[in-house]
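When we follow the working numbering, the leftmost residue of the sequence shown carries the number 8, and every step to the right adds one. Glycine included, each C-beta is placed from N, C-alpha and C at the ideal position. Data first, discussion second: the structure below is written as structure tokens.
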Amino acid sequence: MNLRCIASFSFLFLLTPTTLLANVSLNNLFGDHMVLQQGIQNKVWGKADPGEKISVSIAGQSHATVAEKDGSWSVQLDAIMEYGGPHTLTVEGNNTQTFQDVLIGEVWVCSGQSNMQWNVRQANDADLAIATADLGHIRLISVPQVGTQEPQWNFKGEWAVCSPENVGDFSAVGFFFGRQVHQTLHVPVGLIDNAWGGSACEAWIDRNLLSSDDRF
Numbered sequence: 008m009n010l011r012c013i014a015s016f017s018f019l020f021l022l023t024p025t026t027l028l029a030n031v032s033l034n035n036l037f038g039d040h041m042v043l044q045q046g047i048q049n050k051v052w053g054k055a056d057p058g059e060k061i062s063v064s065i066a067g068q069s070h071a072t073v074a075e076k077d078g079s080w081s082v083q084l085d086a087i088m089e090y091g092g093p094h095t096l097t098v099e100g101n102n103t104q105t106f107q108d109v110l111i112g113e114v115w116v117c118s119g120q121s122n123m124q125w126n127v128r129q130a131n132d133a134d135l136a137i138a139t140a141d142l143g144h145i146r147l148i149s150v151p152q153v154g155t156q157e158p159q160w161n162f163k164g165e166w167a168v169c170s171p172e173n174v175g176d177f178s179a180v181g182f183f184f185g186r187q188v189h190q191t192l193h194v195p196v197g198l199i200d201n202a203w204g205g206s207a208c209e210a211w212i213d214r215n216l217l218s219s220d221d222r223f
């Protein structure tokens with residue numbers, strides 16, 4: 008199984024007051040407890056100083072690149088075929104960012120309208136589902152609802168290990184699906200909750216694509 012949805016993000020540009028150099032920064036999709044999709048060449052990307060040398064390492068592999076004139080950079084990891092972990096993802100430039108407890112598994116984007124936004128706390132037998140949600144190989148991250156006319160380069164959110172303390176507000180459809188995938192395949196599962204009830208379909212389509220159609 009492959010990642011079914013691709014989200015495009017960029018990153019915050021941070022300056023250290025003592026050196027006036029840009030810290031290497033990554034979108035919040037990259038963090039402790041994250042899951043990378045098994046069997047594909049995952050892309051890691053972010054921001055840094057123009058011309059800054061960046062290296063990214065995980066699971067015995069290391070890749071280097073140089074930040075572009077606009078500070079953007081990216082590397083493509085070799086496909087990791089073995090499920091599991093935990094691994095450490097290290098990104099080095101003027102500073103070093105280290106992400107711990109990274110798993111390799113199945114990553115799913117849980118996106119849509121109210122049927123996907125509907126949370127576990129509202130589900131049938133919610134108390135039982137929440138009480139039994141101590142599932143260390145399922146990881147959750149939620150994208151907050153922020154309305155804007157322009158693409159946003161980052162969001163407030165972080166990966167968390169699935170537990171009774173955090174699953175109640177997560178998408179019920181997403182969680183029950185992810186739990187079934189985990190129980191069936193016995194592999195780590197990463198779930199990205201990005202749903203907004205009543206949202207228009209145009210909001211989920213790239214603006215350039217819409218602009219190319221005379222009907223819009």
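In terms of residue numbering, what span does the beta strand (DSSP E) encompassing residue i cover?
i, result
"S121", "S121 -> not in any beta strand (DSSP E); alpha helix (DSSP H) instead, spanning S121 to Q124."
"I148", "L142 to S149"
"H70", "Q68 to V73"
"Q83", "S79 to Q83"
"G91", "G91 to E99"
"V168", "A167 to C169"
"V51", "K50 to K54"
"K60", "K60 to I65"
Span of the alpha helix (DSSP H) holding residue i?
i, result
"G181", "A179 to L192"
"S206", "No alpha helix (DSSP H) holds S206; DSSP gives it neither H nor E."
"S218", "R214 to S218"
"L135", "A133 to A138"
Considering only C-alpha positions, which residue in the set the options is nearest to residue i?
i, options, result
"T103", "A55, T139 and D134", "A55"
"G204", "G119, F184 and R222", "G119"
"Q107", "G197, G38, I87 and G53", "G38"
"H40", "A202, S206 and G197", "G197"
"I87", "Q48, D213 and N215", "Q48"
"G185", "V116, G78, L36 and H70", "V116"
"S64", "A29, G46, E75 and K50", "K50"
"H189", "G164, G143, V150 and P158", "G143"
"V31", "L84, V73 and Q68", "V73"
I need the straight-line Cα distance from residue i to residue j, nearest angstrom please.
i, j, result
"G92", "N122", "33 angstroms"
"M8", "E113", "Caution applies to M8, whose pLDDT of 47 falls short of 50 and renders its modelled position unreliable; the model cannot decide the point."
"S219", "W160", "23 angstroms"
"D134", "I145", "19 angstroms"
"G100", "L43", "22 angstroms"
"P195", "V174", "16 angstroms"
"C208", "Q152", "15 angstroms"
"F16", "N34", "Because the pLDDT of F16 is 30, which lies under 50, any placement of that residue in the model is unreliable, and the number read from its coordinates should be weighed accordingly. Roughly 7 angstroms separates the two Cα atoms."
"R222", "A66", "48 angstroms"
"A167", "D141", "12 angstroms"
"V82", "G58", "15 angstroms"
"R128", "T139", "13 angstroms"
Which of the three DSSP states, helix, strand or coil, is assigned to residue i?
i, result
"R222", "coil"
"G197", "strand"
"D176", "helix"
"Q107", "strand"
"V127", "helix"
"G164", "coil"
"G154", "coil"
"N30", "strand"
"Q159", "coil"
"L43", "strand"
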